[in-house]
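Chemist: Here the sequence shown is numbered in the working numbering, starting from 287 and rising by one per residue.
The C-beta atom is built at its ideal place from N, Cα and C for all residues, glycine as well.
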Amino acid sequence: MRYEGLIYRPPSEAESLLIQATVGCPHNQCTFCMVYKKGRFRLLTPHQALRETRLLLESVVCQTVLTSDHYTNYVNLSGRLPQDKERVLAEIDRALGRDESAFRPFFIGTA
Numbered sequence: 287m288r289y290e291g292l293i294y295r296p297p298s299e300a301e302s303l304l305i306q307a308t309v310g311c312p313h314n315q316c317t318f319c320m321v322y323k324k325g326r327f328r329l330l331t332p333h334q335a336l337r338e339t340r341l342l343l344e345s346v347v348c349q350t351v352l353t354s355d356h357y358t359n360y361v362n363l364s365g366r367l368p369q370d371k372e373r374v375l376a377e378i379d380r381a382l383g384r385d386e387s388a389f390r391p392f393f394i395g396t397a
């Protein structure tokens, strides 16, 4: 996985795999917060987010359940791994063949 900047998340997510779909903070004006003061907020493009998801799935070697979250705006992915890995990777590959303008906008952090 490719990560940019510092990654902060709650302890309850410590054992989960993380796809960084955004860089920085969309608000970035809290006077008490020093976490995201460097750089500007930006979203990964749909293809970047899907390539990150594909990279993560290619690397998973344990049994787990994949459930969609934010990247459902691009393609709804779910399945049991490793049993459904090839099907899910094929779904990502089909989505990567679509023009990025065909994906729904990702509204997090936008006005």
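1. Measuring straight from C-alpha to C-alpha, what distance separates Arg326 and Pro332?
2. Please name the residue, chosen from Val351, Arg337, Arg328, that lies closest to Asn314 on a Cα-to-Cα basis.
3. Candidates Gly310, Leu367, Glu386, Ala381: which alpha carbon is nearest Leu349's?
4. Here's the rule I'm using: 16 or more other beta-carbon atoms within 10 Å means buried, otherwise exposed. How should Ala381 be labelled?
5. Could you tell me if Tyr360 is buried or exposed, where buried requires 16 or more neighbouring beta carbons within 10 angstroms of its beta carbon?
6. State the DSSP-derived secondary structure class of Thr339, mapped to helix, strand or coil.
7. Identify the residues that DSSP records as bridge partners of Arg328: which are they?
8. Just reading off the beta strand (DSSP E) that Leu352 is part of, what are its end residues?
Modeler: According to the structure data:
1. Their backbone Cα atoms lie some 19 Å apart in a straight line.
2. Arg328
3. Per the sequence shown, the amino acid found at residue 349 is Gln instead of Leu. The shortest Cα separation from Gln349 among Gly310, Leu367, Glu386, Ala381 belongs to Leu367.
4. buried
5. buried
6. Helix, per DSSP.
7. Val309
8. Per DSSP, Leu352 belongs to the beta strand (DSSP E) from 350 to 352.
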